[in-house]
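Student: Before anything else, here's the structure in question.
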Amino acid sequence: MANGCTAMYILCCGPITHTYGEKAVSDGAVRLVLRKVIDGAFLDLLLPVLATLSRLPSAAREMARMGAVACLLKIMWKRGNKDSNA
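99 is the number that my numbering gives to position 29 of the sequence shown; each next residue is one higher, with no gaps.
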């Protein structure tokens, strides 16, 4: 999984970012990555990929449609509670 995440991140950040990013979005990368994030799997690897894809308008629309904001807020809330000293 780590190699796949790294490859996707590099492709979407590369010199032809828009082309590869749009291809990844049209092939379902946002759905796949967001499902794994919702499951809490490989967050350290998948969140940078999701952030990179979110720069593309089509990916941002897909993320909004899938409820990514609520999902990410839940992750932040859970992480904040774990790290809290209270």
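Glycine included, each C-beta is placed from N, C-alpha and C at the ideal position. For clarity, every value in this text was computed on a predicted model and none was experimentally measured.
Which whole-angstrom value is the C-beta distance of residue 100 and residue 141, which I expect to be below 8 Å?
Tutor: As a first step, residue 100 must be located in the sequence shown, where it is residue number 30. As a first step, residue 141 must be located in the sequence shown, where it is residue number 71. Contact flag wrong, Cβ pair sits at about 12 Å.
Student: Using alpha carbons as the reference points, say which of 74, 110, 91 lies closest to residue 130.
Tutor: Mapped onto the sequence shown, residue 130 falls at position 60. Ranking the options by Cα distance to residue 130, first place goes to 91.
Student: For residue 79, which residues of its own chain have a beta-carbon under 8 Å away from its beta-carbon, when the five flanking residues on both sides are left out?
Tutor: As a working mapping, residue 79 is identified with position 9 in the sequence shown. 118, 119, 122, listed in sequence order.
Student: At the level of alpha carbons, what is the spacing between residue 95 and residue 110?
Tutor: Counting from one through the sequence shown, the residue named residue 95 turns up at place 25. Counting from one through the sequence shown, the residue named residue 110 turns up at place 40. Near 21 Å, if we compare the C-alpha coordinates of residue 110 and residue 95.
Student: For residue 97, name the three-state secondary structure that DSSP assigns.
Tutor: Here residue 97 is taken as the residue at index 27 of the sequence shown, counted from 1. The answer is coil: DSSP assigns residue 97 none of H, G, I, E or B.
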